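Beneath this line is the structure, given in structure tokens, with notes to follow.
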Amino acid sequence: MASQPGNALKRSYMIKGFLFLLPATLVYLFFAVIPFFDNLVLSFQDWNGFSARVFAGFDNYLDSFRDANFLLAIKNSVYLGVVSSIISVVIGVLLAWLLLFVGKRSGGFYRTILFSPSMIPAVITALIFSFVYEPEIGVLNQLLKVLNLGTLQTAWLTNRSTVLNSILFVSAWKQVGLTMVLCFAGMQAISPSLLESARLEGAGDWAILRKIILPLIMSFVQLSAIFALMSGLKIYDTVLALTNGGPGKFSVVMPMWIMQNAFSFNQYGYGAAMSVIFVLIVLAGMLLTKRLIKGDSYEL
Amino acid sequence: MSSKNTILYNNKPLVIIAYTILILGTLLVAYPILFLFFTSLKSTSEFYVNLFGFPKEPVWANYAAAWSTGHLGDYFFNSVFVTVIAVLLTTVLTTLGGYALGRMNLPKSELIIMAFMTFNFIPGIAIYISLYKMMASASLLTSHAALILPYTAWQIPFSMYIFKKYFETIPMDIIESARIDGCSELTTFLRIVMPLITPAVATVIVFTFIGNWGELMWAQITTASSMNLKTLPVGLLNFKTEMGVQWGQYAAGLSLVTVPLLLIFGYFQKYFVAGLTQGAVKG
């Protein structure tokens, strides 16, 4: 049995602990948790921002499922999230694996460059790519001309068959480095003697990747897949700077349409309802990814 | 063993493939950024005849022109001011909170940090609508606080998570011997524990800085009515229309923001990566 003074001491640390935790918790409650729950309430109300908030039941939710632009926005956001996470995981793992075959110093150089887009704000990378995609003087069309592939030239961001994949490319371009760096960290944690003994037993490099490396880095793959899916589902800055949702509303994404309804059309309740649906989609995506990619932790 | 990866070197064709793909990938990532820098030093007439290459006669005046006509100075000041204060506030709040969760016998500390982290995944737009109205009724929308306070808050979960993990690596013996020597909890925290966690502080600063520096959506919402609060991401978005076809000046404005960032964070990259991998390491 623990002594009385020991318990009293423990309790006094606990109380001090709560005091240490309190400031951060209060700030977070005030600027994230409370607005989120107020937003939840607002999603069942009609409000133009000035008059009183009026209860509207499920009207906002029912409206949103009849809103063709919102449905298109869901489709676009999900497409960008799913495809860009698949691309960045496949390419990221591949690049991380290839890094094992090059010298340490040159590997470090490639890694730094490939990771650098992760540190540039998304709005800036998108503005850089608006140079690349520009139809008249853009790098891409000019390059195609130099390569004698002029027939492939197009107005990348206003042509309906190329606009989404042009956005997708920018998103993957930015995301791949992060996946690579995460998975490379996972691979470095694998004991070299494990790889060596596999090699001595005659396993080829491809087999080592599939049978040893991949299973051991699954928790890193899961994490980077979630990061990539989240950044794709929530993509806003990149689309705003590249196309502003155009041509027409063709490349509209969820946060963009919600922003417009709330802050341009003053339909705050409607915007709130769509944002709640957005939250549900994001949470479902996260749980699904966790399910699909089992990130069991191994003793490394 | 000289290098961890030596055993993988014997497959010659694969080594050649690895170098080829990595070099091509590096070019694909580096070229758009280099292109921006090259363009920033070209006159409009040179831009049209020499699109891809290095400028023949560097026009440094593009930078001065972009800085003054694009109001970049104002945006820059706002971004630095807001980001630096928010980063400092987050760091102070979360070192305290992380220490409490990691080393002060708080019950359910694992559950508390998971609650913060789960909430962190909620898309911003589900918070902004109500927060905007709250800020408006508190008359905060015209001051820098409209950006500083939310930015401080939104970086709390991840930073506190990193600190909690890091504090847990510090042996309880060190803390307890300080307590037995009669140090108050705050003295123990400031004098004994804080000096041991400088790498975690670096990670959190780099992380929160990058997060706040590039934030666009909330900055757009709050600065829609008050011009004088516009940060760099908002300003640069308008910059394009203001510049017309002054490609060199436009590119100069963008590289003014990009190049210093790459130089600074190229150097601090390991802290960024350390923070990210925390999430995947068995804890």
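Chains as they are written, first to last, in this note's numbering: chain P, 1 to 300; chain Z, 1001 to 1283. Glycine included, C-beta positions come from ideal geometry on N, C-alpha and C. Just so it is clear, the structure is predicted and the values come from calculations on it, not from any experiment.
Where residue i meets chain P, residues with beta-carbon distance less than 8 Å
i, result
"Val-1015 (chain Z)", "Phe-101 and Val-102"
"Gln-1249 (chain Z)", "Ordered by position in chain P, no residue passes the 8 Å Cβ test against Gln-1249 (chain Z), which lies about 13 Å from the chain."
"Lys-1289 (chain Z)", "In this structure chain Z extends from 1001 to 1283, so residue 1289 (chain Z) is not present and cannot be described."
Residue i: contacting residues in chain Z (beta-carbon distance under 7 Å)
i, result
"Lys-234 (chain P)", "Pro-1123"
Any C-beta of chain Z under 8 Å from that of residue i
i, result
"Asp-67 (chain P)", "no"
"Ser-116 (chain P)", "yes"
"Ala-262 (chain P)", "yes"
"Leu-127 (chain P)", "yes"
"Ser-3 (chain P)", "Here the model assigns Ser-3 (chain P) a pLDDT of 47, short of 50, so the residue's position is not dependable, and the following value carries that caveat. Cβ-Cβ to chain Z under 8 Å: no for Ser-3 (chain P)."
"Trp-156 (chain P)", "no"
"Asn-60 (chain P)", "no"
"Gln-142 (chain P)", "yes"
"Pro-215 (chain P)", "no"
"Lys-75 (chain P)", "no"
"Ile-167 (chain P)", "no"
"Ile-87 (chain P)", "no"
"Leu-42 (chain P)", "yes"
When the options are compared against residue i, the one with the closest alpha-carbon
i, options, result
"Glu-1046 (chain Z)", "Z:Tyr-1267, Z:Gln-1246 and Z:Leu-1256", "Z:Gln-1246"
"Ile-1016 (chain Z)", "P:Gly-103, P:Ile-86, P:Ala-32 and P:Ile-87", "P:Gly-103"
"Phe-305 (chain P)", "Z:Phe-1037, Z:Met-1104, Z:Tyr-1063 and Z:Met-1134", "Residue coverage of chain P in this structure runs from 1 to 300, which leaves residue 305 (chain P) outside it and unanswerable."
"Thr-1187 (chain Z)", "Z:Ile-1197, Z:Ile-1175 and Z:Thr-1198", "Z:Ile-1175"
"Asn-1225 (chain Z)", "Z:Leu-1101, Z:Gly-1070 and Z:Ala-1146", "Strictly speaking, residue 1225 (chain Z) in this sequence is Ser, with Asn absent from that position. Among Z:Leu-1101, Z:Gly-1070 and Z:Ala-1146, the Cα nearest to that of Ser-1225 (chain Z) belongs to Z:Ala-1146."
"Ser-1130 (chain Z)", "P:Phe-278, P:Tyr-133 and P:Ala-272", "P:Ala-272"
"Ile-128 (chain P)", "Z:Leu-1236, Z:Thr-1095 and Z:Ser-1143", "Z:Leu-1236"
"Ala-225 (chain P)", "P:Ser-84, P:Arg-11 and P:Arg-66", "P:Ser-84"
"Ala-122 (chain P)", "Z:Ser-1079, Z:Ile-1264 and Z:Thr-1258", "Z:Thr-1258"
"Ile-124 (chain P)", "P:Ala-241, P:Gln-188, P:Ser-12 and P:Gly-232", "P:Ala-241"
"Leu-1089 (chain Z)", "Z:Ile-1148, Z:Met-1104 and Z:Ala-1115", "Z:Ile-1148"
"Gly-1211 (chain Z)", "Z:Leu-1096, Z:Tyr-1031 and Z:Trp-1154", "Z:Trp-1154"
"Thr-992 (chain Z)", "Z:Asn-1078, Z:Ser-1159, Z:Ala-1061 and Z:Val-1084", "Absent from the model: residue 992 (chain Z). The displayed extent of chain Z is 1001 to 1283, so no value can be given."
"Ile-86 (chain P)", "P:Pro-23, P:Ala-228, P:Met-180 and P:Phe-70", "P:Ala-228"
Rounded Cβ spacing between residue i and residue j (contact assumed at less than 8 Å)
i, j, result
"Val-282 (chain P)", "Pro-1157 (chain Z)", "15 Å between Cβ atoms; not a contact."
"Ile-137 (chain P)", "Leu-1034 (chain Z)", "Actually they are not in contact, since the Cβ atoms of Ile-137 (chain P) and Leu-1034 (chain Z) sit about 17 Å apart, beyond 8 Å."
"Val-1127 (chain Z)", "Phe-36 (chain P)", "In the sequence as presented, Val is not what sits at residue 1127 (chain Z); that position holds Ile. Their Cβ separation, rounded to whole angstroms, is 5 Å, which keeps Ile-1127 (chain Z) and Phe-36 (chain P) in contact under 8 Å."
"Ser-77 (chain P)", "Val-276 (chain P)", "About 15 Å separates the two Cβ atoms, so there is no contact after all."
"Gly-1102 (chain Z)", "Lys-1164 (chain Z)", "4 Å"
"Val-27 (chain P)", "Leu-1254 (chain Z)", "With 8 Å as the limit, Val-27 (chain P) and Leu-1254 (chain Z) do not qualify as a contact, their Cβ atoms being about 33 Å apart."
"Ala-1251 (chain Z)", "Thr-1039 (chain Z)", "4 Å"
"Ala-1200 (chain Z)", "Tyr-1151 (chain Z)", "Contact doesn't hold; Cβ gap of about 20 Å is too wide."
"Leu-1262 (chain Z)", "Met-14 (chain P)", "Not quite, the Cβ-Cβ distance comes to about 46 Å (not below 8 Å), so this is no contact."
"Ser-1203 (chain Z)", "Gly-1275 (chain Z)", "Checking the displayed sequence, the identity of residue 1203 (chain Z) turns out to be Thr instead of Ser. About 4 Å; that satisfies the 8 Å criterion."
"Ser-301 (chain P)", "Ile-235 (chain P)", "What is shown of chain P runs 1 to 300, which leaves residue 301 (chain P) out entirely."
"Gly-92 (chain P)", "Leu-99 (chain P)", "Rounded, the Cβ-Cβ distance is 11 Å, inconsistent with contact."
"Ala-1219 (chain Z)", "Thr-1208 (chain Z)", "About 15 Å separates the two Cβ atoms, so there is no contact after all."
Contact with chain P by residue i, beta-carbon distance below 8 Å
i, result
"Glu-1057 (chain Z)", "no"
"Ile-1007 (chain Z)", "Confidence at Ile-1007 (chain Z) is low in this model, with a pLDDT of 49, below 50, so its placement is unreliable and the value that follows should be read with caution. Taking Cβ atoms only, chain P reaches closer than 8 Å to Ile-1007 (chain Z), which makes this a yes."
"Ala-1146 (chain Z)", "no"
"Gly-1053 (chain Z)", "no"
"Lys-1042 (chain Z)", "no"
"Pro-1032 (chain Z)", "yes"
"Ile-1180 (chain Z)", "no"
"Thr-1083 (chain Z)", "no"
"Phe-1076 (chain Z)", "no"
Interface residues of chain P facing residue i [CB-CB closer than 7 Å]
i, result
"Gln-1269 (chain Z)", "Thr-112 and Phe-115"
"Trp-1218 (chain Z)", "What Trp-1218 (chain Z) touches in chain P: nothing, since even the nearest Cβ is about 10 Å away."
"Ala-1126 (chain Z)", "Phe-36, Asn-39, Ser-275, Val-276, Phe-278 and Val-279"
Neighbouring residues, chain P, relative to residue i (Cβ below 9 Å)
i, result
"Trp-1213 (chain Z)", "Pro-121"
Beta strand (DSSP E) runs wholly inside the segment 1169-1210 of chain Z, at least 3 long, in chain order: Runs of the beta strand (DSSP E) inside the segment 1169-1210 of chain Z: none found.
Which runs of the beta strand (DSSP E) at least 3 residues long sit entirely within the segment 65-138 of chain P? Give them in chain order. Runs found: none.
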